[in-house]
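Numbering (my numbering), first residue to last: 9 to 379. Where a beta carbon is used, it is the ideal one built from N, C-alpha and C, also for glycine.
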């Protein structure tokens, strides 16, 4: 990983610091370029770093090139690929579920399975030799972990620690409404709050986390695409080191490879197609004039009642929870968040909305889903 730390408000981007911290935890090679006006105490001094100045940058190029050469010599010309011994279906470890009520726990396991994962939810410990080997295999071959941090079970706590030690990707959740968040770390990187007794609300949070985990923003396949991406980075860069909410929209709209846009898991879409990977802020900017948030909140209240009466599966329960969260966001006048939750509600919610005649809600769901 190569990190460039620049002066921002109030000092350094907490997002970049968090990503550098993840790199250190994973014991991956790290090179940090630090602007000379910054005092950075969260990057250990052992990390290879180079100071740069905005005023004297071109005078320092030889120093920076030397840092890059040192970094590259450590990496080597042909680093070994990742060794993956398992060819089985992707696996998700589910830990700490004992704090959830049985219906919520069962719904969560079923939901994870519906995303295409084999779910391992049993208690494992290294105190029994057979389980120790099994535990090692799960840690070596798993693709993801979903953990409820509040579990008091020592086996769960050991398992969570082992997951951190292997740096397995994880979705961290908590059922504690007063969870002690760390102010130094952006809230979106910390555990999300779920309900131990409310399945729809918990499944809605889980759906949002899985969508984030499985999202891929840009795929670069050729040197030409990499060059185009670098040029776009330079053109979009702010001289004051500020990252605005519209910055990502620039990349989604302008990262044009030939006659196609490369936008995340939506794949390549042409200029006349729908940009499904647009941010909800951008979608809201385009739809705000057509959607009255007060009317939307009223429609969603009616839709939530109708969905609740018809819901029969965990997926439909999750849709009810998404509609409830969208209703709360509409009441709080947060249009982008409302659209995000409405997208998660899916086609079944849209069908019921059209069936019962809540036109504002139906239109908002279509906007959120890019229809």
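Taking 6 Å as the limit between beta carbons, can you name the residues of its chain near residue 316, skipping five residues before and five after?
Position 308 of the chain shown, counting from 1, holds the residue named residue 316. Contacts found: 328.
Are the beta-carbon atoms of residue 361 and residue 369 separated by less than 8 Å?
For the purposes of this step, residue 361 is identified with residue 353 of the chain shown, where counting begins at 1. For the purposes of this step, residue 369 is identified with residue 361 of the chain shown, where counting begins at 1. The answer is yes: Cβ separation under 8 Å.
Who does residue 157 pair with in a DSSP beta bridge?
Locating residue 157 in the chain shown gives position 149, where the first residue counts as 1. The partner list for residue 157 (beta bridge, DSSP) is empty, contrary to what the question assumes.
Less than 8 Å between the CB atoms is what I'm expecting for residue 364 and residue 310, so what's the real figure, rounded?
As a working mapping, residue 364 is identified with position 356 in the chain shown. As a working mapping, residue 310 is identified with position 302 in the chain shown. Right, the Cβ-Cβ distance comes to about 7 Å (below 8 Å), so this counts as a contact.
Taking its Cβ as the centre, do 16 or more other Cβ atoms sit within 10 Å of residue 349, making it buried, or is it exposed?
Within the chain shown, residue 349 is the residue found at index 341, counting from 1. Counting Cβ neighbours within 10 Å, residue 349 comes out buried, since at least 16 surround it.
With DSSP collapsed to three states, give me the class of residue 150.
What you label residue 150 is simply residue 142 of the chain shown in a count that begins at 1. Residue state, collapsed to three classes: coil.
Can you give me the Cβ contacts of residue 177 inside the same chain, cut-off strictly under 6 Å, excluding the 5 residues immediately before and after it?
Your numbering for residue 177 matches position 169 in the chain shown. Once the five neighbours on either side are set aside, the close Cβ partners of residue 177 are 152.
Determine the DSSP secondary structure at residue 175, reduced to helix, strand or coil.
Stepping through the chain shown from its first residue, residue 175 is reached at position 167. Reduced to three states, the DSSP call for residue 175 is coil.
Report yes if the C-beta distance between residue 82 and residue 218 is below 8 Å; otherwise report no.
Along the chain shown, one-based indexing puts residue 82 at 74. Along the chain shown, one-based indexing puts residue 218 at 210. Result no, Cβ atoms of residue 82 and residue 218 do not sit closer than 8 Å.
For residue 11, name the three-state secondary structure that DSSP assigns.
Looking up residue 11 in the chain shown gives position 3. Strand.
Please report the straight-line C-alpha distance between residue 69 and residue 28, rounded to a whole angstrom.
Locating residue 69 in the chain shown gives position 61, counting from the first residue. Locating residue 28 in the chain shown gives position 20, counting from the first residue. Whole-angstrom Cα-Cα distance: 23 Å.
Leaving out five residues before and five after residue 282 in sequence, what residues of the same chain have Cβ atoms less than 6 Å from its Cβ?
Numbered from 1 along the chain shown, position 274 holds the residue referred to as residue 282. Bear in mind that the predicted position of residue 282 carries a pLDDT of just 37, short of 50, making it unreliable; the figure below should be weighed with that in mind. Same-chain partners within the cutoff: 378.
According to DSSP, is residue 333 part of a helix, a strand, or is it coil?
What you label residue 333 is simply residue 325 of the chain shown in a count that begins at 1. Residue 333: helix per DSSP, three-state reduction.
Cβ atoms of residue 376 and residue 299: under 8 Å apart, would you say?
Walking along the chain shown from the start, residue 299 turns up at place 291. Walking along the chain shown from the start, residue 376 turns up at place 368. Not a contact, by the Cβ cut-off of 8 Å.
Once DSSP output is grouped into helix, strand and coil, what is the label at residue 202?
Working through the chain shown from its first residue, we reach residue 202 at position 194. Looking at residue 202 - three-state DSSP - the assignment turns out to be coil, as it is neither helix nor strand.
Run the CB neighbour count on residue 86, radius 10 Å, all protein chains shown included, and call it buried at 16 or more, exposed below.
The residue given as residue 86 occupies position 78 in the chain shown. So residue 86 ends up on the exposed side.
Where does residue 235 land, buried or exposed, given buried means 16+ other C-beta within 10 angstroms?
By 1-based counting over the chain shown, the position of residue 235 is 227. That one is exposed.
Take residue 341 and list the residues in its own chain whose beta-carbon comes closer than 6 Å to its own, dropping the five residues that flank it on each side.
Counted from its first residue, the chain shown places residue 341 at position 333. Around residue 341: 301.
CA-CA distance, residue 36 and residue 9?
As a working mapping, residue 36 is identified with position 28 in the chain shown. As a working mapping, residue 9 is identified with position 1 in the chain shown. Their backbone Cα atoms lie some 7 Å apart in a straight line.
Which same chain residues, not among the five before or five after residue 98, have their C-beta less than 6 Å away from its C-beta?
Residue numbering aside, residue 98 sits at position 90 when the chain shown is read from its first letter. Counting only Cβ-Cβ distances below 6 Å, and skipping sequence neighbours, we find 125 and 151.
Would you check if the distance between the CB atom of residue 199 and the CB atom of residue 23 is smaller than 8 Å?
As a working mapping, residue 199 is identified with position 191 in the chain shown. As a working mapping, residue 23 is identified with position 15 in the chain shown. Their beta carbons are not under 8 Å apart, which means residue 199 does not touch residue 23 by this criterion.
What does the alpha-carbon distance come out to for the pair residue 145 and residue 56?
Position 137 of the chain shown, counted from the start, is the residue given in the question as residue 145. Position 48 of the chain shown, counted from the start, is the residue given in the question as residue 56. If you take the alpha carbons of residue 145 and residue 56, they lie about 34 Å apart.
Kindly indicate which residue of 112, 170 and 142 has the alpha-carbon position closest to the one of residue 34.
As a working note, residue 34 is residue 26 in the chain shown. Considering only alpha carbons, the answer is 170.
DSSP three-state label for residue 115, please.
For the purposes of this step, residue 115 is identified with residue 107 of the chain shown, where counting begins at 1. DSSP places residue 115 in helix when its eight states are reduced to three.
What is the residue span of the beta strand (DSSP E) that residue 60 lies within?
The residue labelled residue 60 in the question sits at position 52 within the chain shown. Note, residue 60: beta strand (DSSP E), 56-60.
Taking just the CA atoms, how far does residue 337 sit from residue 291?
For this step, residue 291 is matched to residue 283 along the chain shown. For this step, residue 337 is matched to residue 329 along the chain shown. So the two alpha carbons sit approximately 15 Å from each other.
DSSP three-state label for residue 340, please.
Position 332 of the chain shown, counting from 1, holds the residue named residue 340. Looking at residue 340 - three-state DSSP - the assignment turns out to be coil, as it is neither helix nor strand.
What does DSSP give as the partner residue(s) for residue 1 in the beta ladder?
Residue numbering for the chain in the displayed model covers 9 to 379; residue 1 lies beyond these limits and cannot be assessed.
Is it the case that the CB of residue 195 approaches a heavy atom of the ligand COA more closely than 7 Å?
The model depicted lacks the ligand COA and carries no ligand whatsoever.
So the beta strand (DSSP E) residue 230 belongs to, where does it begin and stop?
The residue given as residue 230 occupies position 222 in the chain shown. Where residue 230 is concerned, there is no enclosing beta strand (DSSP E), given that its DSSP letter is neither H nor E.
Assign residue 54 to buried or exposed, taking buried as 16 or more other Cβ atoms, counted over all protein chains shown, within 10 Å of its Cβ.
Here residue 54 refers to the residue found at position 46 when the chain shown is read from its first residue. Classification for residue 54: exposed.
Going by other Cβ atoms of all chains shown within 10 Å of its Cβ, with 16 needed for buried, is residue 159 buried or exposed?
Position 151 of the chain shown, counted from the start, is the residue given in the question as residue 159. When all chains shown are included, residue 159 counts as buried.
Taking residue 80 as the reference, which of 179, 39, 111 and 110 has the closest Cα?
Residue mapping note: residue 80 aligns to position 72 of the chain shown, counting from 1. Measuring from the Cα of residue 80, the nearest candidate turns out to be 39.
Going by Cα to Cα distance, which pick from 357, 293 and 78 is closest to residue 343?
Taking the chain shown and counting its residues from 1, one reaches residue 343 at position 335. The option with the nearest alpha carbon to residue 343 is 293.
In three-state DSSP terms, what is residue 46?
Start at 1 with the first residue of the chain shown, and residue 46 comes out as number 38. In this structure, residue 46 counts as coil in the three-state DSSP scheme.
Hey, how far is the Cα of residue 25 from the Cα of residue 358?
Working through the chain shown from its first residue, we reach residue 25 at position 17. Working through the chain shown from its first residue, we reach residue 358 at position 350. Going from the Cα of residue 25 to the Cα of residue 358 covers about 40 Å.
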